[in-house]
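As you go down the protein sequences, you meet chains A and B in turn.
So in our numbering, spot 18 of the first sequence is number 18, and the numbers just go up one at a time.
To convert, take the position in the second sequence, counting from 1, and add 219; that gives our numbering.
Using N, Cα and C, we set each Cβ at its ideal position, and we do this for glycine too.
For reference, the structure is listed below as structure tokens.
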Amino acid sequence: MKDLHFILLLLRKEFLLEFRTRSAISGIFLYVISTLFVVYETFIKIQPNVWNTLFWIILLFVAVNAMVKSFVQEKGNRVLYYYSLLNPSHVLIAKIVYNTLLLLVLSLLIWGLFIFFGDNPVKDIGLFLLILFLGSFGFSVTFTFLASLVAASNQSSTLLAVLSFPLIIPIILMLVKISAHALRLIQDTAVSGDLAILVAIDLLLCGVALLLFPFIWRD
Amino acid sequence: MIEKGKIWKFSGVILIVYVIIAGLLIPLKSGIESVEPSYGNAGETLKIQVTGYNTHFKEAGNSLRAWLKWENGKAIAATEMVALDERRMNLTFSIPNNLPENTEVQAVTLLIDSEADGTSVLPSAIFLTQTEKVLAAEEVQWVKPGDFSNNGQITFPFRNILGETIRNTYFHVPLWFGMMFLFLFAVIHSIKYLRKGDAESDLKAEAYTQTGIFYGLLGLITGALWAKNTWGAYWSWDIKQNMTVVALLIYAAYFILRASFEDPEKRARVCAAYGIFAFSTLIPLIYVIPRLTDSLHPGSGGNPAFGSQDLDNTMRMVFYPAVIGFTLFGFWLSSLQFRYLRLQKLREDVD
Numbered sequence: 001m002k003d004l005h006f007i008l009l010l011l012r013k014e015f016l017l018e019f020r021t022r023s024a025i026s027g028i029f030l031y032v033i034s035t036l037f038v039v040y041e042t043f044i045k046i047q048p049n050v051w052n053t054l055f056w057i058i059l060l061f062v063a064v065n066a067m068v069k070s071f072v073q074e075k076g077n078r079v080l081y082y083y084s085l086l087n088p089s090h091v092l093i094a095k096i097v098y099n100t101l102l103l104l105v106l107s108l109l110i111w112g113l114f115i116f117f118g119d120n121p122v123k124d125i126g127l128f129l130l131i132l133f134l135g136s137f138g139f140s141v142t143f144t145f146l147a148s149l150v151a152a153s154n155q156s157s158t159l160l161a162v163l164s165f166p167l168i169i170p171i172i173l174m175l176v177k178i179s180a181h182a183l184r185l186i187q188d189t190a191v192s193g194d195l196a197i198l199v200a201i202d203l204l205l206c207g208v209a210l211l212l213f214p215f216i217w218r219d
Numbered sequence: 220m221i222e223k224g225k226i227w228k229f230s231g232v233i234l235i236v237y238v239i240i241a242g243l244l245i246p247l248k249s250g251i252e253s254v255e256p257s258y259g260n261a262g263e264t265l266k267i268q269v270t271g272y273n274t275h276f277k278e279a280g281n282s283l284r285a286w287l288k289w290e291n292g293k294a295i296a297a298t299e300m301v302a303l304d305e306r307r308m309n310l311t312f313s314i315p316n317n318l319p320e321n322t323e324v325q326a327v328t329l330l331i332d333s334e335a336d337g338t339s340v341l342p343s344a345i346f347l348t349q350t351e352k353v354l355a356a357e358e359v360q361w362v363k364p365g366d367f368s369n370n371g372q373i374t375f376p377f378r379n380i381l382g383e384t385i386r387n388t389y390f391h392v393p394l395w396f397g398m399m400f401l402f403l404f405a406v407i408h409s410i411k412y413l414r415k416g417d418a419e420s421d422l423k424a425e426a427y428t429q430t431g432i433f434y435g436l437l438g439l440i441t442g443a444l445w446a447k448n449t450w451g452a453y454w455s456w457d458i459k460q461n462m463t464v465v466a467l468l469i470y471a472a473y474f475i476l477r478a479s480f481e482d483p484e485k486r487a488r489v490c491a492a493y494g495i496f497a498f499s500t501l502i503p504l505i506y507v508i509p510r511l512t513d514s515l516h517p518g519s520g521g522n523p524a525f526g527s528q529d530l531d532n533t534m535r536m537v538f539y540p541a542v543i544g545f546t547l548f549g550f551w552l553s554s555l556q557f558r559y560l561r562l563q564k565l566r567e568d569v570d
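Following this line, the structure appears as structure tokens:
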């Protein structure tokens with residue numbers, strides 16, 4: 001119960017910080033809109049199989065850009081203050097939850113803009129929403145943890161992309177495969193198996209990240 | 220005398236030397252390379268020319284026997300056998316009017332047995348077509364192939380597409396096994412570092428990762444050469460090929476991460492954490508995803524490694540020593556690399 005209390009407090013702190021320094025979040029929103037605009041300017045008409053890949057690639061780049069700053073503010077004296085006060089797992093869980101919610105909102109925004117500019121190729125909306133959540137969670141776990149690793153270096157955004165893109169491949173392959181189902185591009189009865197694998201990968205990475213984070217955080 | 224601590228290094232080298240000698244010198248079992256023509260019709264007298272590999276048709280003389288076998292177990296024996304030379308032979312079969320299966324086109328297996336070569340099998344050697352059933356069925360002499368000869372030689376199995384490249388099994392596959400063991404040890408040392416904070420564990424993890432990548436590259440190169448000879452191209456965008464490149468990219472990023480930190484303690488901690496995290500994504504990458512997609516590799520769609528049919532007992536006699544030998548050799552390389560890194564660090568500290 002006490003854990004939950006701390007996590008909720010930290011989550012509130014994340015929201016407050018984001019709300020007070022609105023420049024970061026508005027930057028990300030603008031990034032999404034201009035990317036989508038460029039995509040439609042150049043493609044004009046997007047086939048469903050291209051749409052499928054494009055959607056997840058755009059979300060991937062948005063996620064890197066949104067998440068690289070996760071630990072940048074947590075530097076110097078403030079870390080020392082947190083360190084004396086908090087349990088590292090709470091910090092990581094709060095960040096992962098916050099980033100998952102942020103990514104979920106961003107992915108809904110991307111989807112909405114895709115519908116606004118073109119049309120909606122998604123046939124199975126429930127399944128697609130489910131994998132939006134699972135994908136946001138998997139991206140959030142991987143990027144948040146890696147952002148905590150690279151926060152101390154001075155070229156963190158390049159480093160984050162280099163480290164995370166190969167690591168994200170298992171997740172993104174599963175996402176593209178399942179979302180092809182939601183778009184009715186392939187007919188296959190093994191969706192539940194694929195979903196189980198995606199959940200397993202997400203949970204595995206989340207567990208490993210939670211185990212390792214206390215070691216990183218201790219500075 | 221060899222010191223106790225060095226025995227494993229010497230046994231690794233001895234095993235590799237054994238693998239190279241045995242793996243390259245033991246001959247391939249005789250086999251059937253091709254059959255011309257590879258199709259026929261029900262009711263005709265089919266004359267085919269067989270080209271063998273490592274065979275001794277002339278030498279075999281009267282001990283030669285040949286059958287065509289259907290999938291349901293029925294078989295007919297050759298009516299005439301003429302050996303042209305050691306590798307080529309003419310066979311004549313009188314194909315029955317009514318083929319024993321119900322499909323229009325039926326694939327039959329060719330079996331050749333002789334005292335000189337033992338038994339050779341070519342599955343789906345000939346496709347027989349039955350346009351219509353003949354009502355007045357003639358008496359067919361069905362036989363049961365059996366009483367196979369064994370020439371008692373030690374050989375590796377003959378596989379049609381693989382041919383001599385089957386020997387690559389002793390290099391390509393053990394290198395992957397070795398790589399996984401090396402990465403596993405790198406993770407163990409990373410965990411050790413995070414628990415104890417001992418700088419030597421960090422260097423050991425780095426050394427094991429370096430040799431692991433080296434083994435991975437060798438595995439990729441041996442695999443590409445093998446693919447060129449069997450699948451026709453160095454790179455076929457096979458799922459396992461792609462996933463291995465991803466795995467190597469993950470570990471290449473490890474060194475970029477190492478290079479971007481100045482403070483040695485911070486670097487060690489971050490790299491140990493990344494190493495463990497990377498290894499845990501390797502599990503879905505190498506063991507889960509390739510099973511879901513079609514692959515040109517053996518055992519795709521369910522079974523990631525080989526089945527029992529891919530290795531026979533002679534191959535096991537070389538394959539298992541190869542796995543152990545290459546792994547031990549990898550550990551030796553890592554310990555040398557570790558000592559080099561330690562000296563380098565000492566020199567930096569002195570400067």
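Taking a C-beta cut-off of 9 Å against chain B, none of the residues of the segment 79 to 108 of chain A qualify. About 5 Å separates the beta carbons of Q349 (chain B) and L318 (chain B), which is inside the 8 Å limit, making them a contact pair.
By the Cβ test, the segment 127 to 144 of chain A is in contact with the segment 86 to 105 of chain A, since at least three Cβ pairs between them sit closer than 8 Å.
With its beta carbon at least 8 Å from every one in chain A, Y506 (chain B) lies outside the interface.
By the criterion of a C-beta distance shorter than 7 Å, T388 (chain B) is surrounded in its chain by M534 and F538, once the five residues flanking it on both sides are discounted. For N260 (chain B), DSSP records a beta bridge to B:T348. If the five residues before and after L210 (chain A) are omitted, its C-beta is found closer than 8 Å to the C-beta atoms of S89, L92 and I93, all from its own chain and listed in chain order. Bridge pairing for D332 (chain B): B:R284 and B:T338 [DSSP]. Around P170 (chain A), the beta-carbon contacts reaching into chain B at under 8 Å are T500, P503, L504, V507 and I508. Fewer than three Cβ pairs drawn from the segment 54 to 62 of chain A and the segment 181 to 195 of chain A lie within less than 8 Å of each other, which leaves the two stretches out of contact.
C-alpha of I25 (chain A) to C-alpha of A161 (chain A): approximately 19 Å in a straight line.
Here the segment 372 to 381 of chain B does not lie against the segment 405 to 417 of chain B, with fewer than 3 beta-carbon pairs under 8 Å apart. Under the DSSP assignment, G193 (chain A) falls in the alpha helix (DSSP H) whose first and last residues are V191 to W217. Using beta-carbon distances, V465 (chain B) counts as an interface residue toward chain A, with a partner under 8 Å.
By the Cβ rule, the segment 176 to 189 of chain A does not count as touching the segment 107 to 118 of chain A, because fewer than three pairs are nearer than 8 Å. Secondary structure at F375 (chain B): strand, using DSSP grouped into helix, strand and coil.
Sequence-ordered contacts of the segment 197 to 211 of chain A with chain B read I197, A200, I201, L204, L205, G207, V208, A209 and L211 [C-beta pairs closer than 9 Å]. With a threshold of 16 other beta carbon atoms within 10 Å, Q460 (chain B) meets it and is buried. Shortest Cα-Cα distance from I216 (chain A) to any of B:M300, B:A443, B:S554 and B:R486 involves B:R486.
Where I505 (chain B) is concerned, there is no enclosing alpha helix (DSSP H), because DSSP gives it neither an H nor an E.
The continuous stretches of beta strand (DSSP E) do not include R22 (chain A), which lies in the alpha helix (DSSP H) extending over residues R22 to F43. With distances taken between CA atoms, L476 (chain B) lies nearest to B:Y493 out of B:L467, B:Y493, B:A466 and B:V465.
P503 (chain B) places its beta carbon 8 Å or farther from that of I458 (chain B).
Under the three-state reduction of DSSP output, I251 (chain B) falls in the strand class. Counting C-beta pairs closer than 8 Å gives fewer than three between the segment 30 to 40 of chain A and the segment 120 to 137 of chain A, which falls short of the contact rule. Taking 8 Å as the cut-off, the Cβ atoms of S333 (chain B) and I251 (chain B) do not count as close.
By the CB criterion at 8 Å, Y427 (chain B) and S553 (chain B) fall inside the cutoff. In this model, D336 (chain B) and V542 (chain B) are separated by some 30 Å (Cα to Cα).
Remark: fewer than three beta-carbon pairs, one from each stretch, lie closer than 8 Å, so the segment 145 to 161 of chain A and the segment 13 to 29 of chain A are not flagged as touching. In the three-state scheme derived from DSSP, where H, G and I count as helix and E and B as strand, M174 (chain A) is classed as helix. For E299 (chain B), the enclosing beta strand (DSSP E) stretches over residues E299 to A302. N77 (chain A) sits in a helix when the DSSP states are folded into three classes. With a contact defined as Cβ atoms closer than 8 Å, L329 (chain B) and L287 (chain B) qualify at about 6 Å. Using a Cβ-Cβ cut-off of 8 Å, I475 (chain B) is close to L159, V162 and L163 of chain A, given in chain order. Counting the other Cβ atoms within 10 Å of the Cβ of T189 (chain A) gives fewer than 16, which makes it exposed. Between the segment 304 to 320 of chain B and the segment 255 to 263 of chain B, the count of Cβ pairs shorter than 8 Å is three or higher; the stretches touch.
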